[in-house]
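Okay, so here's the structure we're looking at.
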Amino acid sequence: MRIGIDLGGTKIEGLALADDGRELARRRIAAPRGDYGDTIHTVVHLVADLEGETQQRGSVGIGIPGAISPATGLIKNANSTWLNGRPLDRDLALALDRPVRLANDANCFALSEATDGAAAGAAVVFGVIIGTGTGGGLVIGGRVVTGANAIAGEWGHNPLPAPRDDERPGPPCYCGRSGCIETFLSGPALARDYVAHGGDDVPARDVAGRADAGDARATACLERYEHRFARAIASVINVVDPDVIVLGGGLSNLRCLYERVPQLWTAHVFSDRVDTKLVPAKYGDASGVRGAAWLWNEGTPLALQ
Ligand SMILES: [Zn+2]
């Protein structure tokens with residue numbers, strides 16, 4: 422049995438998977454915000470709960486909103502800031518009395534979809550999460566690619582490629598730069614773009630509904646979004662040439678993307694034809710926790726994250 426834990430900022434989700442990927446048990450509890458010790462205790466209780474219900478002992482994989490710094494072995498880049506600077510993997514291994522594997526949550530998403538999701542069996546898979554931010558993860562041959570700096574797949578903080586005059590320098594980003602892909606493609610960015618062009622202040626998901634209802638401003642906003650998405654993802658295709666690109670997060674529900682973006686990206690990809698598939702996630706929000714469980718996938722040993 423494989424146990425996956427998704428360590429979110431507001432909730433912690435636990436899932437027990439059978440060898441064939443069937444869900445055996447699932448739990449979701451509020452995250453103890455701001456308290457590292459409580460976070461460890463909560464994970465231990467969650468694992469005990471799942472093992473009590475299934476009457477089996479499981480391996481434990483954990484998805485985190487950050488990464489383990491290869492240089493220090495400590496958590497970095499977590500927006501759950503109380504995890505930063507802590508040896509979370511070692512503390513959890515001690516508390517759970519077994520080895521644990523940790524990976525960035527977007528990497529877990531990509532691993533889930535590459536293992537038995539929308540990209541099952543594909544050799545090179547790029548997973549994209551577009552919601553409040555713009556994350557990404559790369560899986561090659563069934564293994565998460567972590568990278569020398571543990572940032573592989575983090576395309577959201579590259580500058581938007583081929584910016585038009587009105588896209589320069591671009592909105593300021595929390596990372597300290599301006600015009601990052603995330604400042605154009607996140608949900609809040611889409612909503613902001615709609616307002617900037619005379620639309621109402623509504624969430625990104627409502628912009629799509631308004632376009633369907635015939636709102637010309639909303640339609641134009643989505644068209645700008647599709648063009649920007651195509652330019653941004655084309656640069657990923659040019660570097661790693663994925664077989665499948667899987668979208669997750671709130672904006673993966675924009676159905677127009679799957680038809681329009683592949684039509685638009687050909688202009689930016691260095692190839693006479695582009696056979697890359699762009700598909701929605703099979704497991705949706707559950708992919709993070711499933712991928713965490715799949716970090717222990719016998720037969721395809723994954724590098725310790
Ligand atoms: Zn940025």
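Quick note on the numbering used here: the sequence shown kicks off at 422 and runs consecutively. For each residue, glycine too, the CB sits at the ideal point set by N, CA and C. What you are looking at is a predicted structure, and each value in this text was computed from that prediction instead of being measured.
Residue i beta carbon near ligand 1 (any heavy atom closer than 6 angstroms)
| i | result |
| --- | --- |
| R649 | no |
| R589 | no |
| R711 | no |
| C601 | yes |
| H618 | no |
| R613 | no |
| H462 | no |
| C594 | yes |
| R598 | yes |
| H689 | no |
| H466 | no |
Helix, strand or coil at residue i according to DSSP, with G and I counted as helix
| i | result |
| --- | --- |
| A531 | helix |
| E771 | No answer is possible for residue 771: it lies beyond the span of the chain, which begins at 422 and ends at 726. |
| D427 | strand |
| T640 | helix |
| R564 | strand |
| T493 | coil |
| C677 | helix |
| R522 | strand |
| P609 | helix |
| I485 | strand |
| V682 | helix |
| S501 | coil |
| A437 | strand |
| V700 | strand |
| M422 | coil |
| G720 | Note that G720 has pLDDT 49, beneath the 50 cutoff, so the model's placement of it is unreliable and no number is given. |
Identified DSSP bridge partners for residue i
| i | result |
| --- | --- |
| K432 | A451 |
| F547 | L559, I666 |
| P593 | S599 |
| P508 | Answer is none; P508 lacks a bridge partner. |
| P580 | C601 |
| E656 | Note that residue 656 corresponds to Ser in the displayed sequence, not to Glu. DSSP lists no partner for S656. |
Endpoints, alpha helix (DSSP H) assigned at residue i
| i | result |
| --- | --- |
| V628 | 625-633 |
| V695 | Element bounds for V695: n/a, residue is neither H nor E. |
| T460 | 457-475 |
| G709 | 708-715 |
Near ligand 3: residue i beta-carbon under 6 angstroms from a heavy atom
| i | result |
| --- | --- |
| L438 | Of the ligands one can find in the structure shown, namely ligand 1, none is ligand 3. |
*asked:* Would the stretch 457-476 count as touching the stretch 509-521 if we require 3 or more Cβ pairs under 8 angstroms?
replied: By the Cβ criterion, the stretch 457-476 is in contact with the stretch 509-521, since at least three pairs of Cβ atoms, one from each stretch, lie closer than 8 angstroms.
*Check whether the stretch 597-609 touches the stretch 520-527, taking contact to mean three or more Cβ pairs, one atom from each stretch, closer than 8 angstroms.*
With fewer than three CB-CB distances shorter than 8 angstroms, the stretch 597-609 does not count as touching the stretch 520-527.
*Quick one: any contact between the stretch 695-707 and the stretch 502-514, if contact means 3 or more CB pairs under 8 angstroms?*
No, because fewer than three Cβ pairs between the stretch 695-707 and the stretch 502-514 fall closer than 8 angstroms, the two stretches do not touch.
_Count Cβ pairs between the stretch 469-476 and the stretch 486-502 that sit closer than 8 angstroms; are there 3 or more?_
Contact between the stretch 469-476 and the stretch 486-502 is absent, because fewer than three Cβ pairs lie under 8 angstroms.
*Would you check if there are 3 or more beta carbon pairs closer than 8 angstroms linking the stretch 652-663 to the stretch 524-536?*
Here the stretch 652-663 does not lie against the stretch 524-536, with fewer than 3 beta-carbon pairs under 8 angstroms apart.
*Between the stretch 621-634 and the stretch 528-544, do at least 3 Cβ pairs fall closer than 8 angstroms?*
At 8 angstroms Cβ cutoff, the stretches do not touch.
*If we count Cβ pairs, one from each stretch, closer than 8 angstroms, do we get three or more for the stretch 536-554 versus the stretch 606-613?*
At 8 angstroms Cβ cutoff, the stretches touch.
*Within the chosen definition, does the stretch 572-588 reach the stretch 654-672 through at least 3 CB pairs nearer than 8 angstroms?*
The way I'd put it, the stretch 572-588 does touch the stretch 654-672; three or more beta-carbon pairs between them come closer than 8 angstroms.
_Validate contact between the stretch 617-626 and the stretch 684-698 using beta carbons, cut 8 angstroms, 3 pairs_ = The stretch 617-626 vs the stretch 684-698: no contact.
*Segment contact, 8 angstroms Cβ cut-off, at least three pairs: the stretch 480-492 with the stretch 710-718*: The stretch 480-492, when compared against the stretch 710-718, does touch it at the 8 angstroms Cβ threshold.
_Three or more C-beta pairs below 8 angstroms linking the stretch 661-675 and the stretch 583-595_ = Because the criterion of three Cβ pairs below 8 angstroms is not met, the stretch 661-675 and the stretch 583-595 do not touch.
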